[in-house]
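As structure tokens, the structure follows; a few thoughts come after it.
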Amino acid sequence: MNSRKLPRKKNLSAMKMLGAQVGAARRAAGLTQRELAALARVEEETMASIEQGRRALKPDLAVLLEEILDAKGMLVIGLENLPEIDQFPMFAELYVQHEREAIALSWYDTLVVPGLLQTQAYARALLSGRVPAYDPDELDMKIAARLGRQEILQRKVPPTLSFVIWEPALLMPTGGRATHLAQLRFLREQSELPGLSLQILPLNRTSHAGDAGSFTLLETPDHQQLAYTESQRGSQWVSDPEEVSILARKYAMLRTQALTTEDSQSLLGRLVGEQ
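For our numbering, add 2 to where a residue sits in the sequence shown, where the first one is 1.
Here it is in structure tokens:
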């Protein structure tokens, strides 16, 4: 059996950005991909792959392209600062950007506490259970990135936030009893933030509008309505107005089927033994 360790993938989105810089410098120099490839003595397909972010830009080629394109250090510096790993996978980066800028967020989760409401210990317990496992450095970076997103909760003018969480997500003792109870207390605290609504969809409902899985609705500063769904092996942006409308109607129904915010706070109190 070949035990040779495969090289770790670079930050794919940063590679795409660096490739776009190569393409911009090439066009500014008035060259086609074929012409630049000939000057750099590489295949045209290689140059196309670099510009599209599908192939890594090697240091020696970066230096050569700097000379040919007179890029003034842009490519070499970009390559030197290329992160080893993604903070967020490519499919999630657009979501994180929109989440940061959104004026309203509506979030329905079924099996875990939403990322914006997770404690550090809870996030670590969740991410540590990933298969295949993250290496220690990547795990720490993922946790820091997730917690960093929570800054929107503390803004002077935060977005309007609504969360509906299915009760099983609150019953699983993720991370052990201490981590579980601390997470529930944190949820109780966050539920009192101005502009934030937290509702629990009770386990004893015989039917509800969210049985197809978790999703998030966002409203951008220019009032565009977007939705985001996740699954085991991928995520999907939904921008078609009709499809977003369907998810918005599902969310509206879920809010009527969930406990009120006051009853949800009472349930959290009972779960942590305060009532």
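Yeah, the Cβ is synthetic: ideal placement off N, Cα and C, and Gly gets one too.
Residue i lies in the beta strand (DSSP E); which residues open and close that run?
i      : result
Ile-52 : From DSSP, Ile-52 is part of no beta strand (DSSP E) but of the alpha helix (DSSP H) over 46-53.
Ile-70 : That residue, Ile-70, is in no beta strand (DSSP E); its alpha helix (DSSP H) goes 61-71.
Check residue i in the structure and name its three-state DSSP category.
i       : result
Asp-111 : strand
Tyr-124 : helix
Ala-171 : helix
Ala-229 : strand
Glu-221 : strand
Ala-211 : coil
Using a Cβ-Cβ cutoff of less than 7 Å, which residues in the same chain neighbour residue i once the five nearest sequence positions on both sides are dropped?
i       : result
Met-255 : Ala-211
Thr-121 : Ala-184, Gln-185 and Phe-188
Pro-175 : His-182
Arg-257 : Val-166 and Gln-201
Leu-249 : Phe-217, Leu-219, Ala-229 and Val-240
Gln-23  : Met-76, Leu-77 and Gly-80
For the candidate residues the options, whose alpha-carbon lies nearest to that of residue i?
i       : options                             : result
Leu-41  : Leu-141, Glu-69, Gln-234 and Lys-60 : Glu-69
Ile-145 : Lys-158, Glu-153 and Ser-130        : Ser-130
Glu-53  : Asp-62, Gly-75, Arg-29 and Gly-150  : Arg-29
Thr-162 : Ala-39, Ser-247, Ala-73 and Ser-108 : Ser-108
Thr-231 : Val-240, Gly-55, Ala-26 and Ser-164 : Val-240
Glu-191 : Arg-251, Leu-119 and Pro-134        : Leu-119
Ala-27  : Ala-214, Arg-43 and Leu-66          : Leu-66
Arg-251 : Leu-173, Phe-217 and Gln-23         : Phe-217
Ala-147 : Val-98, Gly-178 and Leu-155         : Val-98
Gly-117 : Leu-273, Leu-149 and Glu-47         : Leu-149
Can you tell me where the alpha helix (DSSP H) with residue i in it begins and where it stops?
i       : result
Tyr-136 : No alpha helix (DSSP H) holds Tyr-136; DSSP gives it neither H nor E.
Glu-245 : 243-259
Ser-266 : 263-273
Which same chain residues end up closer than 6 Å to residue i when comparing Cβ atoms and leaving out the 5 residues on each side of it in sequence?
i       : result
Ile-167 : Asp-111 and Ile-202
In its own chain, which residues sit with a C-beta less than 8 Å from the C-beta of residue i, not counting the 5 before and 5 after it?
i       : result
Ser-233 : Gly-215
Ala-127 : Thr-176, Gly-177, Gly-178 and Thr-181
Contact between the stretch 263-270 and the stretch 199-208 (3+ Cβ pairs under 8 Å): Counting Cβ pairs under 8 Å, three or more are found: they touch.
Inter-stretch contact (C-beta, 8 Å, three-pair minimum) for the stretch 124-139 and the stretch 73-84: These segments do not touch.
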